[in-house]
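The structure appears right after this line, and notes come after that.
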Amino acid sequence: MILSTLIFLPVLFAIVIALWPQKSTIRPIALGFSIAHFIFGLTLFREFDPNIADLQLVEKYMWMERFGIQYFLGIDGISFWLIQLTVFLAPLILLASWKSIDKNIRGFHICFFILQTAMLGTFLAFDAILFYVFWELSLIPMYFMIGIWGGARRIYATLKFFIFTMAGSLLMLVAIIYMMFLTQQAFGTMSSSLLDFYKLSIPFIGHEFFSMQTLLFFAFALAFAVKVPLFPLHTWLPDAHVEAPTPGSVVLAGVMLKMGTYCYLRWVLPLFPEATEYWAWIFIMLGVIGIIYGALVAMVQPDIKKLVAYSSVSHMGYIIVGIFVFNHLSLQGSLYQMLNHGISTGALFILIGMLYERTHSREIKHYGGLASALPIYTIFFFIVTFSSIAVPLTNGFVGEFLILLGTYKAIPMAAIFSVTGVVLGAAYMLWMCKRVFFGEKGPLVADAHHPLVDLNAREIVILVPFVIMIFIMGLFPNVFLKWSEASVDYLIKNKANYELTIKGAK
17 MILSTLIFLP VLFAIVIALW PQKSTIRPIA LGFSIAHFIF GLTLFREFDP
67 NIADLQLVEK YMWMERFGIQ YFLGIDGISF WLIQLTVFLA PLILLASWKS
117 IDKNIRGFHI CFFILQTAML GTFLAFDAIL FYVFWELSLI PMYFMIGIWG
167 GARRIYATLK FFIFTMAGSL LMLVAIIYMM FLTQQAFGTM SSSLLDFYKL
217 SIPFIGHEFF SMQTLLFFAF ALAFAVKVPL FPLHTWLPDA HVEAPTPGSV
267 VLAGVMLKMG TYCYLRWVLP LFPEATEYWA WIFIMLGVIG IIYGALVAMV
317 QPDIKKLVAY SSVSHMGYII VGIFVFNHLS LQGSLYQMLN HGISTGALFI
367 LIGMLYERTH SREIKHYGGL ASALPIYTIF FFIVTFSSIA VPLTNGFVGE
417 FLILLGTYKA IPMAAIFSVT GVVLGAAYML WMCKRVFFGE KGPLVADAHH
467 PLVDLNAREI VILVPFVIMI FIMGLFPNVF LKWSEASVDY LIKNKANYEL
517 TIKGAK
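In this note's numbering, the protein residues as written are 17 to 522.
Dropping the structure here:
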């Protein structure tokens, strides 16, 4: 029951918060809950065996027998670190929301904990209907987080986010239902188990778009492309990031975008191997375009938060390229980059939120000379920036290096074009830092009537874990990579006939 407890503890927390009589103590209570949840998540290190590719800690119960729908949870090396990332970020996000969320505090924490359940369920569900329930559930609390606690254009951003993601999900639902009927034809009984889906032999005809495997491939792939988001389906993301409150931006960049990239590894590649191999060039091309486009657009942004939002489009492009190149180096690099992006971009959004709390502006032109006014803040910002632009010894370098190395071995030109994103990434981030932190003091920094105050103890406590992770992941990558190696190897070696086995099953 470890996985069920991990998923549904936040629901229990949300219920307690809803019934808690003292509004003034909701924040510390919620923070304590999230820390306890993180500590419970660490028990997976003891229970999980990284040396095997089997599905572990499985919980499997019939839910709707007539349709073969099960309550089916499991974990392997592909999902292991994404679970840890989700529970790691939670207490830091809540601590960062201490001042930025100043209305309907009870409602915010209820939404946050329900979102935790939805994200964890998405990573751990191995029944297609159960997965879809968690996948769609994640939209609802994020809808309210942006719509209630967001900025001036929050309604526009919320509707755009909801419409884009819901439209993609409906395609996937149709494909899931069709595959359930395929299991009935193949095995005599209907099933929505992902393990049964893996056993299906779905016809594929090259050069034929309307072959069944190709249609199902695109139904799933487009749904996940919206969530990533992959160019040119990315337009909802900058608006959502800019209008979302700081906690919403961190959850969105840190975990929710990874739901899309994770699902390519869990669903698309093993379910549709021939279609994936045949159509991979489209996703590699769009990934490379996204890398360069995101970086170029980020470079001209006047708003710091929007700049980082477009940098997410660029960084997620690397992950897509690594996934569809589909070799050991690129897949390990993509999984690692999912964690890196969650750490570095999550920290950047928190840092931008801290600055906004002091000045109520994100316009780059209003700053300048900030390093002299906020020296501690500047140190943290530059460390996280170095991670974002993949400076050696930081976590960002390891992920991008593995992706580029794997890509160069398979498609040299794709790697060469992707490298331009590294150069452009350094350009837009360092140019932004130059204008914000150095040179002549801008109006907000020079304002003697409202002097800026450097980071306090709470803010330093938030940022130190990010910095620790940046350097540990940069200096000791094998400590992390070994937990996913067996699962990645198994996926590559059995890509044409992928079937997961349950640990201990006869």
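Even for Gly, the Cβ is constructed at its ideal location relative to N, Cα and C. Values in this document were obtained by computation on a predicted structure and should not be read as measured data.
DSSP places F88 in the uninterrupted beta strand (DSSP E) bounded by 85 to 91. Collapsing the DSSP output to three states places S227 in coil. Between V244 and M332, the alpha-carbon positions lie close to 7 Å from each other.
Sorting Y294, D505, I305, A34 by C-alpha distance to the C-alpha of I432 places I305 at the top. Taken in chain order, the whole alpha helix (DSSP H) runs of length 4 or more contained in the segment 66 to 143 are 93 to 116, 121 to 140. In summary, I55 is exposed, with fewer than 16 beta-carbon neighbours lying within 10 Å of its beta-carbon over all protein chains present. Secondary structure at E456: coil, using DSSP grouped into helix, strand and coil.
Per DSSP, the beta-bridge partners of D319 are E379. Taking 9 Å as the cut-off, the beta carbon of L101 is found closer than this to the beta carbon of M354.
For T517, there is no enclosing alpha helix (DSSP H), as DSSP marks it with neither H nor E. Taking the Cα of L187 as reference, the smallest distance to any Cα among A235, S207, L153 is reached at A235. For S208, the secondary structure class from DSSP, reduced to helix, strand or coil, is coil.
Counting other Cβ atoms within 10 Å of its Cβ, N494 stays below 16 and is therefore classed as exposed. The criterion of a C-beta distance shorter than 9 Å is satisfied by I162 and G264. Between F396 and L479, the C-beta gap is smaller than 9 Å, which places the two residues in contact. C-alpha of D255 to C-alpha of N67: approximately 42 Å in a straight line. Take the alpha-carbon of I366 and the one of F203: they are about 50 Å apart. Taking the C-beta atoms as reference points, V414 is found nearer than 9 Å to G349. Setting aside the 5 residues that flank it on each side, H344 is surrounded in the same chain by G422, V504, D505, I508, each with a C-beta closer than 8 Å to its C-beta; the list follows chain order. Inter-residue distance for I99 and V266 is about 16 Å (C-alpha atoms, whole angstroms). Of the residues F178, L189, F247, the one whose Cα lies closest to the Cα of Y334 is F247.
In summary, G222 is exposed, with fewer than 16 beta-carbon neighbours lying within 10 Å of its beta-carbon over all protein chains present. Per DSSP, reduced to three states, the secondary structure at I427 is coil, with no helix or strand assignment. Nearest in C-alpha terms to L60, of all of P289, D92, T205, is D92. In the structure shown, the three-state DSSP call for T41 is helix.
Two segments are said to touch when three or more pairs of C-beta atoms, one from each, lie closer than 8 Å; by this definition the segment 370 to 384 touches the segment 451 to 459.
Secondary structure note for L479: its alpha helix (DSSP H) is the uninterrupted segment 473 to 491. Around the beta-carbon of D65, fewer than 16 other beta-carbon atoms lie within 10 Å, marking it exposed. Spanning the alpha carbons of L253 and K176 requires a straight line of approximately 9 Å. For D118, the number of other beta carbons within 10 angstroms of its own is below 16, and it is reported as exposed. Between G412 and S328, the C-beta gap is not smaller than 9 Å, which leaves the two residues out of contact. Taking C-beta separations shorter than 6 Å and ignoring five residues to either side along the sequence, the partners of A239 in its chain run G184, S185, L187, M188, following chain order. For the pair L25 and T133, the Cα-to-Cα distance works out to about 8 Å.
For W295 and A311, the gap between their C-alpha atoms comes out near 25 Å. If you keep only unbroken alpha helix (DSSP H) runs of at least 4 residues inside the segment 208 to 284, you get 210 to 214, 228 to 243, 252 to 259, 262 to 267, 273 to 279. For I23 and E152, the gap between their C-alpha atoms comes out near 15 Å.
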